[in-house]
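Taking this note's numbering, the leading residue of the sequence shown gets 4, the next gets one more, and so forth. The structure under discussion appears below in the form of structure tokens.
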Amino acid sequence: MDKMILSQMEFYGYHGVIPEENRLGQRFYVDIEVGLPLSRAGYTDDLEETINYAELYERVKDIVEKRTFKLIESVAEHVAMDLLKHYSILQEVMVRITKPHPPFDIHFQGASVEIRRRRPIEVFIGMGSNIGNRVELLHEAIRLLSLHPRIEIARQSSLYETDPVGYKEQERFLNMAVAIHTDLPPEELLFELQRIEMQLGRKRDIRWGPRTIDLDILLYSRAELKLPLLTVPHPRLSQRAFVLIPLAEIADDDSVPGIASLSQHIEHMAGKDGVYKWIS
Ligand code: GSY
Numbered sequence: 004m005d006k007m008i009l010s011q012m013e014f015y016g017y018h019g020v021i022p023e024e025n026r027l028g029q030r031f032y033v034d035i036e037v038g039l040p041l042s043r044a045g046y047t048d049d050l051e052e053t054i055n056y057a058e059l060y061e062r063v064k065d066i067v068e069k070r071t072f073k074l075i076e077s078v079a080e081h082v083a084m085d086l087l088k089h090y091s092i093l094q095e096v097m098v099r100i101t102k103p104h105p106p107f108d109i110h111f112q113g114a115s116v117e118i119r120r121r122r123p124i125e126v127f128i129g130m131g132s133n134i135g136n137r138v139e140l141l142h143e144a145i146r147l148l149s150l151h152p153r154i155e156i157a158r159q160s161s162l163y164e165t166d167p168v169g170y171k172e173q174e175r176f177l178n179m180a181v182a183i184h185t186d187l188p189p190e191e192l193l194f195e196l197q198r199i200e201m202q203l204g205r206k207r208d209i210r211w212g213p214r215t216i217d218l219d220i221l222l223y224s225r226a227e228l229k230l231p232l233l234t235v236p237h238p239r240l241s242q243r244a245f246v247l248i249p250l251a252e253i254a255d256d257d258s259v260p261g262i263a264s265l266s267q268h269i270e271h272m273a274g275k276d277g278v279y280k281w282i283s
């Protein structure tokens, strides 16, 4: 990702947990790196194709100098949030806030925090359960996901009861799909899903065997990823009616890379007969 960097901006702000800091103020240094595509601006030499860094500077200055926070963490978070919200071209932001002279009788080069934030993107999660109280387990998985500070539940499909695929000697599954908004990188999201699976009693015994809960990343925006622990879109997505039918309820028709129209693809799928809308 291309970057624009503003280094060692010097501001006078009123942030701190000690009342004198809020009253008297002190110097702050701010560094930011914003990730955005810069090639169009590079080819066209047109300011409209990028961000005006003087304007960027003024936005950061406004937050650091006109607002008051106790923590430099909060200053950083508000700067990052403001920039991502204001500039739709920005994909990610790094903000470093340094307080060079904290009011303590100790000698060091100052205290800093550095945060990185990305624009939340839409991710689709496939869910399935065929052991225990399946409805409760699916709802509990969604509740646990929603508790994560960097995950927001955007939409949920209906529940579907589905014939088992792969290993057939097991109970029917309940399947559904959920759209979330998150800025978690794919592998961190995978880790969170595995944590929730474990919390809900998932054991990895038989491959394709029964499970209390299964949480899969189906789509990570429109990205095609081949990471050591994760392939997205999910490798068997196009063959699994129990995944695609719930997904089609909450995703755009052209949201799966490699499938021009989800509805037409499902129309021609063999396995769609084993997927029944669940009426509780
Ligand atoms: O990949 C998810 C686990 N799983 C399922 C499932 O969720 N539903 C159906 N119908 N069959 C399945 N086979 C496996 S493995």
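Idealized CB from N, CA, C, for every residue including glycine. Keep in mind that this is a model prediction, so the values were computed, not measured.
Secondary structure at Leu27: helix, using DSSP grouped into helix, strand and coil.
For Gln242, no alpha helix (DSSP H) run applies, since DSSP gives it neither H nor E. Distance from the CA atom of Asp166 to the CA atom of Gly277, rounded to whole angstroms, is 5 angstroms. The shortest C-alpha to C-alpha distance from Ala273 to any of Ala244, Ile253 and Pro249 is the one to Ala244.
The DSSP assignment places 22-27 and 42-47 as complete runs of the alpha helix (DSSP H) inside the stretch 17-68, in order along the chain (cut-off: 4 residues). Under the three-state reduction of DSSP, His142 is assigned to helix. Looking at the DSSP output, Tyr163 bridges to Asn178 and Lys280.
Boundaries of the alpha helix (DSSP H) harbouring Glu76: Ile75 to His89, taken from the DSSP string. Assignment of Glu172 by DSSP, reduced to helix, strand and coil, places it in the coil class. In this structure, Asn136 has its beta carbon at no less than 7 angstroms from each heavy atom of the ligand GSY.
The closest heavy atom of the ligand GSY lies 7 angstroms or more from the beta carbon of Val181.
In the three-state scheme derived from DSSP, where H, G and I count as helix and E and B as strand, Val259 is classed as coil. The DSSP-derived three-state label of Lys275 is helix. Distance check between Ala57 and each of Lys73, Val98 and Ser10 places Ser10 closest, using alpha-carbon atoms only. Gln159 and Leu39 have their C-alpha atoms spaced approximately 31 angstroms apart. Distance between Tyr90 and Phe14, taken at the CA atoms: about 22 angstroms. Spanning the alpha carbons of Leu250 and Val181 requires a straight line of approximately 8 angstroms. Boundaries of the alpha helix (DSSP H) around Leu192: Pro189 to Gln202. For Leu265, no beta strand (DSSP E) run applies; the uninterrupted alpha helix (DSSP H) run containing it begins and ends at Leu265 to Glu270, by DSSP. The continuous beta strand (DSSP E) containing Lys102 extends over residues Glu95 to Lys102.
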